[in-house]
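Our numbering applies: residue 343 is where the sequence shown begins, and numbers increase by one.
We treat Cβ as the ideally placed atom computed from N, Cα and C, and that holds for glycine.
Scroll down for the structure; my scribbles are underneath it.
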Amino acid sequence: MLTAARRLIELAGDSTPQELDQQQDVKEVIMWNFMVLGEATRIVPQAIRDAYPRIAWREAADMRNRVAHGYFSIDSEVLHHTIHNQLPALIRDIEEMLADPSLPDTVEV
């Protein structure tokens, strides 16, 4: 999750939604990373998800579903907004979780 979220921010850079529409290759890689991010939520044990409710587990999975099932109708405004307004908090929350000494070493996010 963390790698995909960081990659999304890197890929989007300072691009506007309109620029994403013109850079189809970049947009496709962005959508792929949203799918990876959402799929990764499924491998995190429910007990861990319950212990860290501040992390947007459900929202990440929902975005994956939106991309996977609405591939040709994904609005670049939505991608841009999510990357710039929601992913920084998600990254921060995941980093805080990973820094928690009580987190089992076997958890991969």
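Contact under 8 Å by Cβ, residue i with residue j
i	j	result
M343	I416	no
V409	M377	yes
Q366	S357	no
L353	V368	yes
A393	Q428	no
Neighbourhood of residue i by C-beta, 8 Å cutoff - its chain only, sequence neighbours within 5 removed
i	result
I433	L344, A347, R348, I351
I385	E450
P387	V449
R396	D435
Neighbourhood of residue i by C-beta distance below 6 Å, restricted to the same chain and skipping five residues each side
i	result
P359	S418, E419, H422
I390	V449
A402	L379, G380, T383
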